[in-house]
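Report on the following structure.
Protein chains in written order, with my numbering: chain C, 1 to 300; chain G, 1001 to 1420.
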């Protein structure tokens, strides 16, 4: 026998190790679930890591209220199938209670409001570790992120004062009130995720595959038409065959012209594309360091 | 589509300073393997223009944080990814200056290959030696000396030969087995991905060919069975009522169903009943797989314990001798100080018994009189732990031979140790 793992099995082994390390080192972890492919992958890996036991932490969804319908339906079915526990942090409720204030204007998005609701949800649940599906290849500030990322009592990230991570040793020690963000799929690229999801035949939301949808063009990014986005003068709605490369809040997630109808088509498309997957995220385009700035405050 | 069965993961580290062409080399590899996207390139081009630079500065691709871009330096380990049909690569890109030794050590800890960049005009300098010493200390299995900027010395074989001779003389004092020398120009692309016609005297591989083909399958230890128990899986359901699975990552050796094993620290022996992997039951497990082991009889076994072979056991001891790299910028290593240590899945406390010497990482000189071990220093240290540890030498196994020090007040990771 050849004692050799292909790169996907090695990434899988690494991610499972990290998830078990979280279950062992923390009292009360939670898995942040957005409904996108990365968090679906996370749930799939968590299921494997603890099989035949159930996933030993609940899923936390920060719901902006501006979701694609398909996302919520898929989420509820997944939770049902795994017998997992779901906790929802609602941005709408936070707006109604006056905890956060809704942005105004045509580019208004609830993306930034998620941070406050997330931190509030983590505090309320007394979670000491929040597992997330962020990857280092996504964005330049994320390329410097640790697997175990320390957050102070205000939920802030201090990129200049991160704990060194060596070998297989992950230090999750913390004071009361502090928590960790943990990123088990740090080393996966977008292509790895798709190749693995194809290999494992993991069910995915229909949004990732080409479908017809009313869209409009804003500053070079195609956005799905919805009641949540105010249109500017001259922005025309038309029908287009598109798919999502990332799934987030409807107000800031671009859609892509694409004919990719299967996971194999998607892998082909990614292998030849010249744009990053977050290239359609208007939340990243607000400034050169918008991800870094949001992360420091406690964003995903 | 990639042939997934043969596609291995290779981790390599690069260390270097702003002007030795490291960023250009990484940019070249990312660009030539089509791992830079158009919008990334556009963003970097726009940023270069804002900074008033004439050309598109590819170094900006690898500088992530605001303060790094302001200062034009890398202050942390940055991870980069690219793949070719043969392999997926993870680059741990670390700054090369002496004040970032701790970052180099961090990047080196998981690497299969170290790239050491040498400017062909300057030859082997202090920084080259430092990088090689760190690669040797951290036991990176393969070392590639890239003799860069060959275009600036007219691709002269002399420059290449000089570096090779100088380096080999120096490396004789080190613990490195597999060293390659490749003449390149990262700027012009010579011998990086494409073979150069300007170096006809060089008949070795290009850098990319080397990275795609270097034999890394035996970088793990497949001889000495070591399975640190990470987590006990207990479903507590009717279907799996008495199920006790010992989850963990194989740190060494090949474990087979039916193998006679010994449990540490209890010393009891039993057989492996079942191995459950990511895809269900499997007959064998090997590093670096994450699996769950079920035993014929259930003894008291929990996180921090270890499953080994009866006739091949690690050293069980409370007295450890280590090479330590210190990370803490606030406090130097405290003689007689107490720290928490994390080793495999086990934590314990320790006291620093003795500092034997401080190592000058530019010259390998051992200074026995210098007991002041501050950030970025490397020293040989003796510690005693509160409970017995199950250890191997770092040379034998990078997983069971390594540990980290945690400050008991701040909880920060303040040092890394390699067991001698």
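Positions of the beta carbon are idealized from the N, C-alpha and C atoms, including for glycine. Bear in mind the structure is a predicted one, so any value in this text is a computation, not a measurement.
Can you find the residues in the same chain that come closer than 7 Å, C-beta to C-beta, to residue i, ignoring five residues on each side of it along the sequence?
i               : result
residue 1105(G) : 1134, 1138, 1325 and 1416
residue 1384(G) : 1318, 1319, 1350, 1351 and 1353
residue 1282(G) : 1275
residue 1367(G) : 1357, 1358 and 1360
residue 1375(G) : 1102, 1326, 1327, 1328 and 1329
residue 1149(G) : 1021, 1119, 1120, 1121 and 1185
residue 1002(G) : Residue confidence for residue 1002(G) is low, a pLDDT of 45 falling below 50, so the modelled location carries little weight and cannot support an answer.
residue 231(C)  : 216
residue 1174(G) : 1132, 1133 and 1136
residue 1042(G) : none
residue 1183(G) : 1147, 1150, 1160, 1191, 1199 and 1202
residue 1297(G) : 1270
residue 151(C)  : 157, 178, 179, 180, 181 and 298
residue 1355(G) : 1335, 1371, 1373, 1379 and 1381
residue 1364(G) : 1133 and 1173
residue 1028(G) : 1186, 1189 and 1192
residue 1421(G) : Missing from the structure shown is residue 1421(G); chain G here goes from 1001 to 1420 and no further.
Going straight from the alpha carbon of residue i to that of residue j, what length do you get?
i               : j               : result
residue 12(C)   : residue 1010(G) : 15 Å
residue 1136(G) : residue 154(C)  : 41 Å
residue 1025(G) : residue 1157(G) : 21 Å
residue 36(C)   : residue 119(C)  : 20 Å
residue 176(C)  : residue 1223(G) : 42 Å
residue 1168(G) : residue 1132(G) : 11 Å
residue 241(C)  : residue 39(C)   : 25 Å
residue 1239(G) : residue 52(C)   : 10 Å
residue 25(C)   : residue 156(C)  : 21 Å
residue 225(C)  : residue 214(C)  : 6 Å
residue 14(C)   : residue 1248(G) : 11 Å
residue 1310(G) : residue 1246(G) : 18 Å
residue 1377(G) : residue 1398(G) : 21 Å
residue 77(C)   : residue 248(C)  : 18 Å
residue 1129(G) : residue 1033(G) : 30 Å
residue 81(C)   : residue 1237(G) : 17 Å
residue 60(C)   : residue 1015(G) : 40 Å
residue 1076(G) : residue 1407(G) : 21 Å
residue 138(C)  : residue 184(C)  : 14 Å
residue 229(C)  : residue 71(C)   : 18 Å
residue 201(C)  : residue 44(C)   : 11 Å
residue 1031(G) : residue 1082(G) : 9 Å
residue 207(C)  : residue 161(C)  : 39 Å
residue 1241(G) : residue 19(C)   : 23 Å
residue 97(C)   : residue 256(C)  : 36 Å
residue 1348(G) : residue 1387(G) : 7 Å
residue 42(C)   : residue 169(C)  : 21 Å
To the nearest whole angstrom, what separates the beta carbons of residue i and residue j, a pair I think is in contact under 8 Å?
i               : j               : result
residue 1092(G) : residue 1013(G) : 5 Å
residue 166(C)  : residue 1109(G) : 4 Å
residue 102(C)  : residue 95(C)   : 5 Å
residue 134(C)  : residue 1078(G) : Contact flag wrong, Cβ pair sits at about 15 Å.
residue 1253(G) : residue 1272(G) : The Cβ separation is near 12 Å, so there is no contact.
residue 4(C)    : residue 1008(G) : 7 Å
residue 194(C)  : residue 87(C)   : Their Cβ separation, rounded to whole angstroms, is 28 Å, which puts residue 194(C) and residue 87(C) out of contact at 8 Å.
residue 1231(G) : residue 1336(G) : That pair is no contact at about 35 Å.
residue 1280(G) : residue 1289(G) : So it is not a contact: roughly 13 Å between Cβ atoms.
residue 1178(G) : residue 1143(G) : 7 Å
For residue i, collect the residues of the same chain with a Cβ closer than 6 Å to its Cβ; drop the 5 residues on either side in sequence, then sort them by chain order.
i               : result
residue 196(C)  : 8
residue 973(G)  : Examination of residue 973(G) is not possible in this model, given that chain G is present from 1001 through 1420 alone.
residue 1187(G) : 1024
residue 1404(G) : 1342, 1413 and 1416
residue 100(C)  : 94, 113 and 116
residue 1220(G) : 1287
residue 1089(G) : 1010 and 1082
So is the beta-carbon of residue i under 8 Å away from any non-hydrogen atom of the ligand FAD?
i               : result
residue 1215(G) : Ligands are entirely absent from the displayed structure, and the ligand FAD is therefore not among its contents.
Please list, in chain order, all residues of the same chain as residue i whose beta carbon is under 8 Å from its beta carbon, the five residues on each side excluded.
i               : result
residue 1314(G) : 1224, 1226, 1264, 1306, 1308, 1390, 1391, 1392 and 1400
Task: Members of the segment 1291-1309 of chain G that neighbour chain D once the beta carbon cut-off is set at 7 Å - done: You won't find chain D in this structure, because its protein chains are C and G.
- [ ] Say whether the segment 1337-1348 of chain G touches the segment 1398-1416 of chain G, bearing in mind that this needs 3 or more beta-carbon pairs closer than 8 Å, one atom from each stretch.
- [x] Output reads yes: the segment 1398-1416 of chain G touches the segment 1337-1348 of chain G.
Task: Every unbroken beta strand (DSSP E) within the segment 160-215 of chain C, with a cutoff of 3 residues, ordered by chain - done: For the beta strand (DSSP E) assignment, the uninterrupted runs of no fewer than 3 residues enclosed by the segment 160-215 of chain C are, from N- to C-terminal side, 179-182.
Open item on the list: Could you tell me which whole beta strand (DSSP E) segments of length 3 or greater appear in the segment 1007-1044 of chain G?
Closed with: Whole beta strand (DSSP E) segments, 3+ residues: 1008-1016.
- [ ] Jot down the residue ranges of each uninterrupted beta strand (DSSP E) in the segment 1126-1168 of chain G, minimum 3 residues, whole runs only, in chain order.
- [x] Counting only runs that start and end inside the segment 1126-1168 of chain G, the beta strand (DSSP E) elements of at least 3 residues fall at 1142-1148.
Open item on the list: Which runs of the alpha helix (DSSP H) at least 4 residues long sit entirely within the segment 1166-1224 of chain G? Give them in chain order.
Closed with: You should have 1207-1213.
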